[in-house]
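Residue numbers (the working numbering), protein chains in the order written: chain A, 1 to 298; chain B, 1001 to 1256.
Ideal Cβ positions, reconstructed from N, Cα and C, are used throughout, including at glycine.
Structure first, then comments.
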Amino acid sequence: MTLSPQLPSSPALPEPGFNFAYLDEQTKRSIRRAALKAVAIPGHQIPFSSREMPMSYGWGTGGVQVTASVIGQMDTLKVIDQGADDTTNAVNIRRFFRKVCGINTTERTEEATLIQTRHRIPETPLREGQIMVYQVPMPEPLYFIEPSRTEANKMHALEEYGPVYVRLYEDITRFGHIAMAYDYPVMVNDRYLMKPSPIPRFDNPKLHMNPALQLFGAGREKRIYALPPYTKVKSLDFEDHPFTVETWDQPCEFCGATDTYLDEVVTDDQGSRLWICSDTDYCNQRQQNNHLLTPTLS
Amino acid sequence: MQPLLTIDNLSKTYNSIYACDRISFDLYPGQVLGIIGESGSGKSTLLNAIAGHIPVDAGEIVYCDRSGQPINLRTLPEVHHRKLMKTEWGFVQQNPRDGLRMTVTAGANIGERLLDVGERHYGNIRSEAIEWLSQVEIPHSRMDDLPSTFSGGMQQRLQLARILVTQPRLVLMDEPTGGLDVSVQAKLLDLMRSLVRTLHLSVILVTHDIGVVRLLAHRLMVMQNGQVVETGLTDQVLDDPHHPYTQQLVSATLMP
Ligand SMILES: Nc1ncnc2c1ncn2[C@@H]1O[C@H](COP(=O)(O)OP(=O)(O)O)[C@@H](O)[C@H]1O
Ligand SMILES: [Mg+2]
Ligand SMILES: [Zn+2]
């Protein structure tokens, strides 16, 4: 984990031999066309012809292709993996785009114009003009009920989402509450059922009426879907068992935040553990601000 | 009185086989129509064609909905057709595995159609499930059990509860007592008879068992090789069969 603040990296020249953002212009255009269709029908999955990328599927090639198609020379890119900017995955994707675009990168949410993410939405509220790109391993929310894509498409077309609520019913019956912790399904614009990618349910409310454009890319499944700015997004629930998010009994050990998503970190082999913000950038900034305040407090 | 369902010259072929050959009949509200015939005579094909499970080659299917509106089911857009099937119709399969979700609880099986039509209150679904479990004589204590732990007779009764929860007007049944022991069959038939009366159901009941139609069906249609060979009031057809095929069917069951 990085505790020192990082300045945006200075732009470099893209390495010779690559087209800007790696993909050729025609491919990027066809992916943008799919993304535009996705924006026109919020929550609806649009097929696109997924390309081979110089990394394996587990690395989020869907997200990488979407990012590559929408990124411009003036963009500043942030890459999040499990809330952090310094995991291998995040570092590699950031390095990849620096190499093939020569663009600025950052770890600061508010400095980024484009954010590619796996597993988290930043705690820092997003703003108009920013684009979030989600890496999606499995885009089809009906797959667990209906493995046939044709039949699932029909269920979407006819808005037949009863069987999904059967799953919620079963959770409440068995566990007393809805047990899905990640990739908690949502209804978009009161019309399409959508998987928000494996973010914790804690992040679901941030999808709703978000000022940023949110794009979802699934490489292996060759699907793109989108939430245009200020789209209504509702997490599935029952009237008498409303959707809730995770809460913790203690604040973040580092910054004292009480309203963030916390990760449990084991600190030694005696099993001591800490609860700290999963969003490293947010936590760092709060620590800095706290530090500035410390003299007056003590 | 207006017929609830009118079938007019319905035909379905498989390659060169006429599985259903120009079938016509009317079904009136509250009526139980039995369809009887040997294996391969086209009973299941007819039932599935009426329910829209398989495409037909020719003929009309006209259903008179709750508001009294006659609807041509062959031209009805799929979205409306599927909705109608969940609200006004029910289909009981011979094999409960085809009619139930075996991997979710009995309560969820009953709740599914309510969820399909927009019910979003867990407590309401639970109380409806309890209500319909009692109607089909399954103890409430089994509500949170999987149907795979149920006996064959209970599974068929759960199928009934699963469709009756949206109070359909028309129920299609394909050999509902098929795989069951005689004593279990008798109990299910009793239950079906009382439900038909109390809920004013209209039923098309496919079977190869004359005992079943004698007990339940007001009218009877006898099928052979995809064609209707005889039709009439159940007692009349069974007591005074005209067509040789019906005579043979009736005498075969009289033999010990
Ligand atoms: N899917 C199918 N493909 C080809 N032939 C079929 C199919 N389903 C039924 N048939 C044929 O249609 C005829 C009627 O079958 P069916 O409706 O199942 O009869 P029943 O239910 O009276 O036993 C039979 O000759 C059967 O072999
Ligand atoms: Mg049959
Ligand atoms: Zn923190």
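For residue i, return the contacting residues in chain A, with the cut-off set at a CB-CB distance below 8 angstroms.
i, result
"leucine 1115 of chain B", "Gly162, Pro163, Tyr165, Val166 and Tyr169"
Give the interface partners of residue i over in chain B, defined as CB-CB distance under 7 angstroms, in chain order.
i, result
"glutamate 239 of chain A", "Arg1120 and His1121"
"leucine 142 of chain A", "Those do not exist, as leucine 142 of chain A stays about 14 angstroms from chain B at its closest Cβ, beyond 7 angstroms."
Using a threshold of 6 angstroms, is the CB atom of residue i nearer than that to any non-hydrogen atom of ligand 1?
i, result
"serine 1039 of chain B", "yes"
"tyrosine 1014 of chain B", "yes"
"alanine 1051 of chain B", "no"
"isoleucine 1210 of chain B", "no"
"alanine 1019 of chain B", "yes"
Check the Cβ of residue i against every Cβ in chain B and list those closer than 9 angstroms, keeping chain order.
i, result
"isoleucine 172 of chain A", "Tyr1122"
"leucine 158 of chain A", "Glu1078, Val1079, Arg1082 and Lys1083"
In chain A, which residues lie with their C-beta within 7 angstroms of the C-beta of residue i?
i, result
"isoleucine 1125 of chain B", "Tyr169"
Below 6 angstroms, is the gap between the Cβ of residue i and the nearest heavy atom of ligand 2?
i, result
"lysine 206 of chain A", "no"
"serine 1183 of chain B", "no"
"serine 1134 of chain B", "no"
"methionine 1044 of chain B", "Before going on, a small fix: residue 1044 of chain B reads as serine here, not methionine. Yes, since a heavy atom of ligand 2 falls inside the 6 angstroms radius drawn around the Cβ of serine 1044 of chain B."
Which residues of chain A have a Cβ atom closer than 9 angstroms to the Cβ of residue i, listed in chain order?
i, result
"glutamate 1112 of chain B", "Gly162, Pro163, Tyr165, Val166 and Tyr169"
"alanine 1106 of chain B", "Near alanine 1106 of chain B there are no residues of chain A at all, since even the closest Cβ is about 10 angstroms away, more than 9 angstroms."
Do residue i and ligand 5 come close, with the Cβ less than 6 angstroms from some heavy atom?
i, result
"phenylalanine 1150 of chain B", "Within the structure as shown, ligand 5 is missing, the only ligands being ligand 1, ligand 2 and ligand 3."
> Just the residues with CB closer than 5 angstroms to a heavy atom of ligand 3, in chain order, which are they?
Replying inline: A:Cys252, A:Phe254, A:Cys255, A:Ala257, A:Cys277 and A:Cys283
Using a Cβ distance threshold of 8 angstroms, determine whether the region 1171-1178 of chain B contacts the region 1187-1204 of chain B, with at least three qualifying pairs required.
yes
Would you call the region 1055-1072 of chain B and the region 1231-1246 of chain B in contact, with 3 or more CB pairs under 8 angstroms? no
>> Check whether the region 1089-1104 of chain B and the region 1142-1153 of chain B touch, using three or more Cβ-Cβ pairs below 8 angstroms as the test.
In response: yes
Three-pair Cβ contact test at 8 angstroms for the region 30-46 of chain A versus the region 222-236 of chain A: yes
request  = Select from the region 1162-1189 of chain B all residues with a C-beta closer than 8 angstroms to any C-beta belonging to chain A, and list them in chain order.
outcome  = none
Contact list for the region 1127-1144 of chain B against chain A, Cβ threshold 7 angstroms = Asp1144
Looking at C-beta atoms only, is the number of pairs between the region 193-207 of chain A and the region 1132-1141 of chain B that lie closer than 8 angstroms three or more? no
Task: At least three beta-carbon pairs within less than 8 angstroms, the region 1019-1026 of chain B to the region 1003-1010 of chain B - done: yes
| request: Take every Cβ of the region 160-177 of chain A, pair it with every Cβ of the region 96-108 of chain A, and state whether three or more of those distances are shorter than 8 angstroms. | output: no
Worksheet item: Counting Cβ pairs closer than 8 angstroms, one from the region 135-143 of chain A and one from the region 102-111 of chain A, do we hit at least three?
Response: no
When the Cβ atoms of the region 235-242 of chain A are set against those of the region 269-277 of chain A, are three or more pairs found closer than 8 angstroms?
no
query = On the three-pair Cβ rule with 8 angstroms, is the region 109-127 of chain A touching the region 146-164 of chain A?
reply = no
- Query: Would you call the region 241-260 of chain A and the region 208-219 of chain A touching, i.e. three or more CB-CB distances under 8 angstroms?
  - Reply: no
With a threshold of 8 angstroms, are at least 3 pairs of Cβ atoms found where one atom belongs to the region 76-85 of chain A and the other to the region 117-125 of chain A? yes
#### Entry: the region 126-134 of chain A / the region 1049-1064 of chain B touching (three or more Cβ pairs under 8 angstroms)
no
Checklist line | Stretch-stretch touch, CB-based, cutoff 8 angstroms, three pairs: the region 1035-1049 of chain B with the region 1223-1234 of chain B | finding: yes
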